[in-house]
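Engineer:
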Amino acid sequence: MEEKDLDIARRNLMSDPKSGGRLSSLEQLASLDSMEGIAQAEPTPVPPFLRYVPKAALIHAVYPGVLVALTIGLASTWLAARYGAPVMLFALLLGMAFHFLHEEGRCVAGIEFAARSLLRVGVALLGVRITFDQIAGLGLGPVLTVVTGVATTILFGWLLAKVLGLRSAFGVLSGGSVAICGASAALAISSVLPRNSALERDTILTVVAVTTLSTVAMVLYPLFVGALGLNHTDAGIFLGGTIHDVAQVVGAGYMVSPETGDVSTYIKLLRVAMLLPVVFLIAFIVTRANGSGSGSKVPLPIFLFGFAALVIVNSTGYLPAMATEQLADVSRWCLVTAIAALGMKTSFKELAVVGWRPVALVVAETGWIALLVLGSLFFVI
């Protein structure tokens, strides 16, 4: 209520003998209008455990985009089962076909959430596929081969990227993807690299390249090991140490023999186990570089602690087999949904301008790790 209006009303009431107590009521109303003299209620404190519960507003904001990404993931899974192609590749390509949804406000938040948060959950849950017994049972030779292959492939990718005039971060991203576990490694490594406009395009390109090459390798490498006359164990070491994605390793290994399939799966899981130290090391180097060597604290990704914890718990044998299978399924769905969301964030126009150099880099990295593992079979193991 304006001060001038209040004065006029007060004068009118003062001149009216019938006003009675209305003057005091009017003044009370004016004081209420200005909230003077009213005790303000203290905000109710939020219990600590509720701070981690998603708020209704957040759920409402992200569910449209997450639902679309999950639907694309379901369609991709059906297509992969129907035609025998990699589910990650289907999810990526279908997601790119729905890129227009990333330009519409209602789905953007959910797409971003799926591409980042669900990705980290999926990577963390990969830990249920590994135990220390699996690693120890392989012996020292294959372990050294895998460690050397991972380290040198990433270094090779970094150096060759510089030679080809590409971003060094792309060399690390593609090298880590080829060396460890394909699309899953690409997503995990990209989550700790410096974020910029080129990173998402590089990640998409890496995922497309490694899933395509992994499918080609699944078909050709079993024929190759047969032509070389490798025994079942050596064939499993080669297939598990060179093919990019886990599903393609399993498919290629069991094409040769059950024994080859078992060995190739164990070798591949050993490569997957390298994801934890590699991502930690990359996060450390990136943080040191951004801090100019000032000794700033390294922001270690929480999902990697989850990965390590699940490896430890799974190694104790206390995790039931059914729980392990269910968590592995959840991991797969999270990763497929994240890939679909990542596809929706990228357009074909952005990929059309990359040229031949990035493709040549990934092919060269694939050839490098194949030659290294093959050489170790003949001269080391």
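In the working numbering, the protein residues as written are 12 to 392.
Glycine residues also receive a C-beta, built at the ideal position from the N, C-alpha and C atoms.
All values reported here derive from a predicted model rather than from experimental measurement.
Are the Cβ atoms of L372 and G168 separated by less than 8 Å?
Structural biologist: A contact, by the Cβ cut-off of 8 Å.
Engineer: Does the pairing of the region 231-245 with the region 205-215 give three or more beta-carbon distances under 8 Å?
Structural biologist: no
Engineer: Quick one: Cα of H113 to Cα of T327, how far?
Structural biologist: 43 Å
Engineer: Our contact map puts I200 next to A352 with C-beta atoms below 8 Å; I'd like the distance itself, whole angstroms only.
Structural biologist: Their Cβ separation, rounded to whole angstroms, is 17 Å, which puts I200 and A352 out of contact at 8 Å.
Engineer: Using only CA atoms, which one of M266, T159, L346 lies nearest to L281?
Structural biologist: Answer by Cα proximity: T159.
Engineer: To the nearest angstrom, how far is the alpha carbon of N301 from that of L104?
Structural biologist: Taking the straight line joining both Cα atoms gives about 34 Å.
Engineer: Just list the beta strand (DSSP E) runs in the region 153-223, keeping only unbroken ones of 3 residues or longer that don't cross its boundaries, in chain order.
Structural biologist: The region 153-223 contains no whole beta strand (DSSP E) run of 3 or more residues.
Engineer: Would you report the Cα separation of A108 and W367, rounded to the nearest angstrom?
Structural biologist: 23 Å
Engineer: By Cβ distance, which residues of its chain are closer than 7 Å to V341, with the 5 residues on each side in sequence left out?
Structural biologist: L136
Engineer: Could you tell me whether the Cβ atoms of L330 and V322 are closer together than 8 Å?
Structural biologist: no
Engineer: F124 and G84: beta carbons closer than 8 Å?
Structural biologist: no
Engineer: Could you name the residues of the same chain whose beta carbon sits closer than 7 Å to that of F316, not counting the 5 residues immediately before and after it, in chain order?
Structural biologist: none
Engineer: Name the residue from L130, V289, Y265, R299 whose alpha carbon lies nearest to the alpha carbon of L166.
Structural biologist: V289
Engineer: Can you tell me which of A72, G240, A86, S87 puts its alpha carbon nearest to the alpha carbon of E115?
Structural biologist: A72
Engineer: Whole angstroms is fine: what's the gap from V267's alpha carbon to A126's?
Structural biologist: 36 Å
Engineer: Are the region 211-221 and the region 239-247 touching, with three or more C-beta to C-beta distances below 8 Å?
Structural biologist: no
Engineer: Considering H255, what are the terminal residues of the alpha helix (DSSP H) in which it resides?
Structural biologist: Neither: H255 is in no alpha helix (DSSP H) and is coded neither H nor E.
Engineer: In whole angstroms, what separates the C-alpha of W344 from that of L151?
Structural biologist: Approximately 34 Å between the Cα atoms of the pair.
Engineer: Along the alpha helix (DSSP H) that carries L385, what are the first and last residues, could you check?
Structural biologist: Unbroken alpha helix (DSSP H) run through L385: 368-390.
Engineer: Assuming G187 and A194 make a contact with CB atoms under 8 Å, what is their CB distance in whole Å?
Structural biologist: 11 Å between Cβ atoms; not a contact.
Engineer: Return yes when the Cβ of G354 is within less than 8 Å of the Cβ of G182, no when it is not.
Structural biologist: no
Engineer: First and last residue of the alpha helix (DSSP H) that includes F101?
Structural biologist: 98-108
Engineer: Specify the secondary structure class of P331 as computed by DSSP and reduced to three states.
Structural biologist: coil
Engineer: State buried or exposed for P58, treating a residue as buried only when at least 16 other CB atoms are found within 10 Å of its CB.
Structural biologist: Legend: pLDDT at P58 = 42, less than 50; position of this residue unreliable, value from coordinates given subsequently. Label assigned to P58: exposed.
Engineer: Taking the continuous alpha helix (DSSP H) assigned at I296, which residues delimit it?
Structural biologist: 286-301
Engineer: Give the range of the alpha helix (DSSP H) segment to which R131 is assigned.
Structural biologist: 130-136
Engineer: Quick check: the Cα distance between P269 and V261, rounded to an integer number of angstroms?
Structural biologist: 10 Å
Engineer: By the three-class DSSP mapping on this structure, what secondary structure does N242 have?
Structural biologist: In the three-state DSSP reduction, N242 falls in the coil class, being neither helix nor strand.
Engineer: For R117, report the span of its alpha helix (DSSP H) as first-last.
Structural biologist: 116-124
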